[in-house]
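In our numbering, the protein residues as written are 19 to 183. C-beta atoms are modelled at their ideal positions from N, C-alpha and C, and glycine is treated no differently. Every value quoted in this text rests on a predicted model; they were computed, and no experiment measured them. As C-alpha cells, the structure follows; a few thoughts come after it.
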C-alpha cells in the first residue's frame, strides 16, 4: 500500500476516553485540536570502558505520555461524565464518573485509569479511518480561566506505544 499524499488536519481528529470494557465513553467536545503523544519506548543506556564507548543497551521502559486541551463547557456533573470528573476522579466522591465508571486497571492497582482513543477520520481524503488506542492511562488536568476558559489534560500510560488500527 502506498503512503498517503493527503495531509491530515485537526478537523480530522477526535479524542474519547472510556472506562473498563468501554461501558462508558466520553467523546471530548469543544477541543481546539492540539492532541499530542510521545511513545514510551526504552531508555538507551550508554557505557564507557576506560574512556571508550561500548555498544549501547536497551534500558528501562519509559511511559507513554499524551495530552490535549478542551474549551470548558461543564466542569462537574452528577448526571453525566465531564473531563474534569475523569481527571479528578480521586478527589470527586459525588461525581457521575466516581459513581458509574470502572477503572481499566484491574483490582491490583489503586490508580484510576481509562482508555484514550484518538481517531483520524479519513472520509474527506477518501481513505480509511485510523484509530490510535492508549490503554490504562492515568489522567490529570488543570483549569485556566480565559476567553475561552480551558481545561488541559495530560496522561501517562505504562505502555511502550499505542495500539493502531
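Counting the other CB atoms within 10 Å of its CB gives residue 102 a total of 16 or more, which places it among the buried residues.
By the Cβ test, the region 151-163 is not in contact with the region 36-45, since fewer than three Cβ pairs between them sit closer than 8 Å.
DSSP places residue 29 in the helix class (H, G or I) of the three-state scheme. According to DSSP, residue 79 shares a beta bridge with 60. By the Cβ test, the region 88-105 is not in contact with the region 120-128, since fewer than three Cβ pairs between them sit closer than 8 Å.
Secondary structure within the region 93-140: the alpha helix (DSSP H) runs of 4 or more consecutive residues, fully enclosed, are 101-105 and 114-118 (chain order).
In the three-state reduction of the DSSP assignment, residue 35 falls in the strand class, which pools E and B.
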